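K.L.:
Converting from the sequence shown to the numbering used here requires adding 559 to each position, the first position being numbered 1. We put the CB at the ideal spot given by N, CA and C, even for glycine. Quick caveat, the model's predicted, so the values are computed rather than measured.
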Amino acid sequence: MKQKINILINNEASRLGLYYGFWNWFFIYKKELLDCGIQVNFFSKLSNQFFDADHLFLNSRSIPRIKDRINLEYLKKIYLRNKNLYWFDMRDSAGTTQFEVLHLVKKYIKKHFYKDKKVYLDKLKGGRYYTNYYIERYNIKDHQKYDQEVLQIKYLPKLILGWNLGVGFFFDYTNFSKLDYYLELFKFKFLDSKNYSMKLPQHQNWSFDNKKSDFVSLMNTNFKRESVGFQRMRLKEILRNTDYQNKIIEGRFSKRNYYKALRNSKVSIGAYGWGEVCYREFEAINCGAAILFPDMSGIETWPNIYINDETYIAYDYDFKNINDKIHYLVSNISLRKRLVDNSQKILRDIHQEIGKNYFLNKVMEIIS
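1. Would you mind reading off the limits of the beta strand (DSSP E) that contains residue 860?
2. So what does DSSP say about residue 902, is it helix, strand or coil?
3. Looking only at its chain, what residues have a beta carbon closer than 8 angstroms to the beta carbon of residue 562, apart from the 5 residues adjacent to it on each side?
4. With residue 910 as the anchor, note down where its alpha helix (DSSP H) starts and where it stops.
5. Taking one C-beta from the segment 912-927 and one from the segment 877-897 each time, how about it: are there three or more such pairs within less than 8 angstroms?
6. Just how far apart, CA to CA, sit residue 888 and residue 655?
7. Can you tell me whether DSSP reads residue 819 as helix, strand or coil?
8. If residue 846 and residue 818 are in contact, beta carbons under 8 angstroms, what's the gap, nearest whole angstrom?
9. Flag this pair as touching only if the segment 577-585 and the segment 715-730 have three or more C-beta atom pairs under 8 angstroms; answer yes or no.
10. If contact is defined by three or more beta carbon pairs under 8 angstroms, each pair taking one atom from either stretch, is the segment 868-878 in contact with the segment 849-858?
11. Rounded to whole angstroms, what is the Cα-Cα separation between residue 564 and residue 588?
12. What does the Cβ neighbour count give for residue 893, buried or exposed, with the cut at 16 atoms within 10 Å?
13. With three or more beta-carbon pairs closer than 8 angstroms as the criterion, would you say the segment 687-704 touches the segment 636-649?
14. Grab me the residues of residue 627's own chain with a C-beta within less than 6 angstroms of its C-beta, minus the 5 sequence neighbours each way, in chain order.
15. Beta-carbon within less than 7 angstroms of residue 823's beta-carbon, same chain only, minus the 5 sequence neighbours each way: which residues are those?
16. Label residue 521 either buried or exposed according to how many other C-beta atoms from any shown protein chain fall within 10 Å of its C-beta, with 16 as the threshold for buried.
17. On the DSSP letters alone, give me the boundaries of the beta strand (DSSP E) that residue 644 sits inside.
18. Looking at the structure shown, is residue 931 part of a helix, part of a strand, or coil, going by DSSP?
19. Quick one, are the C-beta atoms of residue 719 and residue 666 less than 8 angstroms apart?
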């Protein structure tokens, strides 16, 4: 007897992410799921048909919020119709949790967690480990307090690591237009995904072109919370005072020019944004740029492109020795090649046997 999973998504996911982004595995491996006795359906709104399932997967962005908190009354109405709820926390940071829903859901799936779950037993200033660090170390003041629910130990078994935004497909805007993008999206939606080949910038050949820029820094620093934007602001100050200040590429670009900038860079140097895992690191890897990024050793996530000295070079939250690390990475072509090769292998595996097995096993873990 088949088990039915109904997934409630938001408008953003139904427009783009459904087929190209976070949820694409459910379409690619539809047959494999059926072979496992699992039927999956997507819904963009609540209906009687949606509630008729063995398991209801809820994209957290599809549930209304009151300020920073989930509207629990709305969630309770869903719970009263079907108690088999599974919460997919789609927030950007490992620290920005929604533990207020734990009493209403069977499992709580998140794209990334802090490895040390004890962090969740107390409130973090600014809602993240790194904002807590900068607030305490540099006396940063947020104009608005971040409110969050702490984790109760009894709910710890409900926490399950899912997968991050790296499973999405990254379209090659250097060779194709937005029109091409939507044509590809249309074909993927209405053709058999097993016989469909996407035009993507995945797994580009590493280029040793000495005309490449030294590094690129493409970062938005316009954050409403001072503690969230502090790391990026401080990094920009540091970069403007390095020997490479005339070779920094920054600002806002069209998608095409953005990818061209990444492809023309030896190193992509970044900082956390609203969360720790960012799209640009995956895009940079696809474009053949090595990564210099804040220390990710305290984060668990999958796919994991954050293995220090193997897939990227880490710098400390206090930026200690960052200038030496920049120079070391920019000047060491064999190191950059090794980092990119290792990272691209991880990305290739996402939609091959390793990724398929991870996904199917993860679905079974969630509903078991």
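P.N.:
The short version:
1. Counted from its first residue, the sequence shown places residue 860 at position 301. Per DSSP, residue 860 belongs to the beta strand (DSSP E) from 858-860.
2. Translated into positions along the sequence shown, residue 902 becomes position 343. Helix at residue 902.
3. If you number the sequence shown from 1, residue 562 lands on position 3. Here the set comprises 596, 597, 598, 613, 614, 926.
4. The sequence position of residue 910 within the sequence shown is 351, counting from 1. Neither: residue 910 is in no alpha helix (DSSP H) and is coded neither H nor E.
5. no
6. On the sequence shown, residue 888 is found 329 positions in, with the first residue counted as 1. On the sequence shown, residue 655 is found 96 positions in, with the first residue counted as 1. If I take the Cα positions, the gap works out to 32 angstroms.
7. Reading the sequence shown from its first residue, position 260 is the one you call residue 819. In the structure shown, residue 819 sits in a helix (DSSP, three-state: H, G or I).
8. For this step, residue 846 is matched to residue 287 along the sequence shown. For this step, residue 818 is matched to residue 259 along the sequence shown. Yes, they are in contact, since the Cβ atoms of residue 846 and residue 818 sit about 6 angstroms apart, within 8 angstroms.
9. yes
10. yes
11. As a first step, residue 564 is located in the sequence shown; it is residue number 5 there, counting from the start. As a first step, residue 588 is located in the sequence shown; it is residue number 29 there, counting from the start. Cα to Cα, the separation comes out at about 14 angstroms.
12. For the purposes of this step, residue 893 is identified with residue 334 of the sequence shown, where counting begins at 1. It counts as exposed.
13. no
14. Residue mapping note: residue 627 aligns to position 68 of the sequence shown, counting from 1. Answer for residue 627: 706, listed in chain order.
15. Within the sequence shown, residue 823 is the residue found at index 264, counting from 1. Taken in chain order, the residues that qualify are 771, 772.
16. The requested residue 521 does not occur in the structure, where the chain is confined to residues 560 to 927.
17. Position 85 of the sequence shown holds residue 644. Element bounds for residue 644: 644-648.
18. The structure shown does not extend to residue 931, since the chain is modelled only from 560 to 927, so the question has no answer here.
19. As a working mapping, residue 719 is identified with position 160 in the sequence shown. As a working mapping, residue 666 is identified with position 107 in the sequence shown. Against a cut-off of 8 angstroms, the Cβ pair of residue 666 and residue 719 comes out as a contact.
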